[in-house]
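Each residue of the sequence shown is one higher than the last, beginning at 0 in numbering that gives the first Met the number 0.
Report on the structure given below.
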Amino acid sequence: MASPGCRGTDGRADGGTDAALERRQKCHCAQNRRSGSKQSFGMNGYELDTWGVQELLQKSSSGLAVHLIGAGGCGMSGLGHLLLDLGCRVSGSDLQENTEIAGLRARGAVIHQGHAASHVASANPQLVVRSSAVPEDNPEWRQARESGVALTRRAPVLAALAHRQRPLCVAGMHGKTTTTAWLAYALERLGASPSYAIGWLTPQLTPHARYSHGQVNGQPPWFVLEADESDGTLLEFRPQAAIVLNVDEDHLDYFEDFASVRLEFQQFADQVRGGPLLYCLDDERLAALMKKRRPDALTYGCHPLADYRLEFIYCRPQAGPPGTAPEPMSCFEIWHQRRRLGEFSTRLLGAQNLSNAAAVIGMLHQLGYGAEAIAEAVAGFRGAARRQQCLYRDERWAVYDDYGHHPNEIRLTLQAMRSLSPQRLLVAFQPHRYTRTQKLVEQFATCFKGADRLWLLPIYPASEPPIPGVDSGWLAQAIRAEGQAVEVADDAQSLVHSVRAEMQPGDLVLFIGAGADVTVAAHQMAAQLQAEPGTSEKPAHPGGASDVSPRGRCCGRYR
0 MASPGCRGTD GRADGGTDAA LERRQKCHCA QNRRSGSKQS FGMNGYELDT
50 WGVQELLQKS SSGLAVHLIG AGGCGMSGLG HLLLDLGCRV SGSDLQENTE
100 IAGLRARGAV IHQGHAASHV ASANPQLVVR SSAVPEDNPE WRQARESGVA
150 LTRRAPVLAA LAHRQRPLCV AGMHGKTTTT AWLAYALERL GASPSYAIGW
200 LTPQLTPHAR YSHGQVNGQP PWFVLEADES DGTLLEFRPQ AAIVLNVDED
250 HLDYFEDFAS VRLEFQQFAD QVRGGPLLYC LDDERLAALM KKRRPDALTY
300 GCHPLADYRL EFIYCRPQAG PPGTAPEPMS CFEIWHQRRR LGEFSTRLLG
350 AQNLSNAAAV IGMLHQLGYG AEAIAEAVAG FRGAARRQQC LYRDERWAVY
400 DDYGHHPNEI RLTLQAMRSL SPQRLLVAFQ PHRYTRTQKL VEQFATCFKG
450 ADRLWLLPIY PASEPPIPGV DSGWLAQAIR AEGQAVEVAD DAQSLVHSVR
500 AEMQPGDLVL FIGAGADVTV AAHQMAAQLQ AEPGTSEKPA HPGGASDVSP
550 RGRCCGRYR
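Structure (structure tokens):
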């Protein structure tokens, strides 16, 4: 059932008429971009949009000097690698040291720890870029503005770089990182040498962003990128091709309601021109949106009318290197407009990843690749970090870490973990943002039904101020009201202690959430188990998959 905040003026959960959607849209920055202005002025500095950044890049023949505020984040560090690939002189700062900053420094970037106006003065940049997480009163941003330096955010720079080539965007509320990385990995295996920008670390693509030079078959390479909608910058991108995975109530700290989300994706779909646009037909709200705005778009999924229809066949164990346990492999068919395209396989778990695979396969087929080549290219992908990432396993238990923080993501991840057939599934969750927790509390209260035991950490604020009465204790009460037991831990250390005391042989422990504390706890648990006497860790998935499964579709709805 839709929450009250998702209903339009006519009471429908889809938000009502397009006119009502326009009136209720609060994304003023997106409206400014659509007006065609190249820059906005404030005090002495000026802020560039995508087209202004493009002009600045074109005018700089010897490499632009760019300063990145918040350079250690995955998105900003990826942007740093792209700029270095272009020959730019990169400087920047971040509050904390991390491996991403070390990677930029190893390539010649000058990255400071901490923020200070002097960092901008010493760098003498032509362009200063800030992360969405960096406030406008940051001392380096103020210094650049008062000095008359060009200013912008990450998305316009990423869009400007992508528009120099052939932009291929992956959009949607859930699954962007995995699908973007998978598509970039497959294109690399197919010899296409794509540029790419992935929103999270991916072990098989290091670094997680690259700008490729030259041409492929007489054309610029594809630029595969994760198009983020969380801060209203989705409309910076005008892709030649795109995949839209889903729409949902999320990022409600920015969007007023689902009507605003819907409008953003409608306008994004309108901007895809010149190449294939694929979307998931299994998502009913997305399908309703796309059929109206882009009837020419292609579809994928388990739906019997999908252009690229996924049929789940069976799971089988895949032999690993000598001395290792087998890995479960999902094997499936894709049917393209009533004809069997081919059989494919993946190591990734769960129905959502099968859907992501169908999106990647459909796009690659539309780009002209044959089924056999696609099957070989997609099969080797092992996923992105913190996406169902196994940190530890032995004959007794397994520990997984996952980034999921929306109720639908959590529900699907628990289903994927259940497919490994553990004796029990123990789940530790850290809510992310007070606003998300407050607005989606009814969904959070029921999304953990697949867990045998459940713990909550304090809400990770992500720079949000607290909302009175909204905390993990309040969420725990909502979960208990649905008949599920839950404990609240004070911090990562007490969580690890409580979970470890509960663990029994055969358990799978899942740490899930976008906050920092939950992944710290996951790694602490893995290290503790590794240090315990008598451990015999095996570098493979626990449990193993059944070798026999009846032929059927991946989605129970269409059986």
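By construction, the Cβ of each residue, glycine as well, lies at the ideal position given by its N, Cα and C atoms.
These figures come from a predicted structure and were not determined experimentally.
DSSP three-state assignment for residue i, whether helix, strand or coil
| i | result |
| --- | --- |
| A64 | strand |
| L244 | coil |
| S192 | coil |
| V519 | helix |
| A108 | coil |
| P219 | coil |
| P166 | strand |
| R261 | helix |
| R237 | coil |
| R144 | helix |
| R381 | coil |
| R292 | helix |
| R284 | helix |
| R272 | coil |
Nearest residue (CA-CA) to residue i, options the options
| i | options | result |
| --- | --- | --- |
| P327 | Q336, R337, R315, R338 | R315 |
| R435 | P406, Q414, L63 | P406 |
| L411 | N352, C389, L453 | N352 |
| A427 | L413, L47, H173, L419 | L413 |
| P193 | A180, P504, S229, G361 | A180 |
| S420 | P532, L94, L244, G505 | G505 |
| G174 | R338, L348, L82, T232 | L348 |
| E99 | Q112, L456, W221 | Q112 |
| V246 | R293, Y368, D269, C279 | C279 |
| R499 | Q265, T518, A525 | A525 |
| G62 | E441, A488, L85, A105 | L85 |
| Y399 | G367, L509, K58, R381 | L509 |
| I110 | E235, S76, S259, A185 | S76 |
Start and end residues, alpha helix (DSSP H) containing residue i
| i | result |
| --- | --- |
| A397 | No alpha helix (DSSP H) holds A397; the beta strand (DSSP E) holding it covers 397 to 401. |
| W181 | 175 to 188 |
| W473 | 471 to 480 |
| V377 | 370 to 378 |
| C73 | 73 to 84 |
| C410 | Looking at the sequence shown, residue 410 is not Cys but Arg. Residues 406 to 417. |
| A350 | 350 to 365 |
| E441 | 440 to 443 |
For residue j and residue i, the rounded distance between their alpha carbons
| i | j | result |
| --- | --- | --- |
| A357 | H118 | 46 angstroms |
| L103 | G274 | 34 angstroms |
| I478 | L507 | 21 angstroms |
| A183 | V223 | 6 angstroms |
| A565 | S121 | Here the chain covers residues 0 to 558 and nothing more, so residue 565 does not appear. |
| W334 | L340 | 5 angstroms |
| C446 | L474 | 12 angstroms |
| L363 | A370 | 9 angstroms |
| L390 | V485 | 24 angstroms |
| A296 | Q125 | 40 angstroms |
| P464 | D470 | 12 angstroms |
| M42 | A158 | Low local confidence applies: a pLDDT of 42 at M42 is under 50, so the model's placement there is unreliable, with the coordinate-based value given in what follows. The straight-line gap from Cα to Cα measures roughly 26 angstroms. |
| I197 | W454 | 31 angstroms |
| A515 | Y459 | 8 angstroms |
| P430 | G482 | 20 angstroms |
| P219 | Q527 | 49 angstroms |
| L233 | V52 | 16 angstroms |
| L81 | L277 | 27 angstroms |
| D282 | L288 | 10 angstroms |
| S354 | E342 | 14 angstroms |
| G74 | V128 | 12 angstroms |
| G91 | Q203 | 26 angstroms |
Beta-bridge pairing of residue i - partner residues as DSSP gives them
| i | result |
| --- | --- |
| P329 | The sequence as given places Ser at residue 329; Pro does not occur at that position. Beta-bridge pairing links S329 to C314, T345. |
| A149 | Y45, L126 |
| T434 | Partner(s): none; T434 has no beta bridge. |
| Y299 | C279, Y307 |
| I466 | In the DSSP output, where bridge partners are listed per residue, I466 has none listed. |
| T201 | L204 |
| L455 | F428, V487 |
| Y391 | V398 |
| L224 | C168, A196 |
| H335 | Y307, R338 |
| R423 | D506 |
Enclosing beta strand (DSSP E) for residue i [first to last residue]
| i | result |
| --- | --- |
| Y278 | 276 to 279 |
| G91 | 88 to 93 |
| D562 | Missing from the structure shown is residue 562; the chain here goes from 0 to 558 and no further. |
Any C-beta of chain B under 8 angstroms from that of residue i
| i | result |
| --- | --- |
| R141 | Among the chains of the structure shown, chain B does not appear; only one protein chain is present. |
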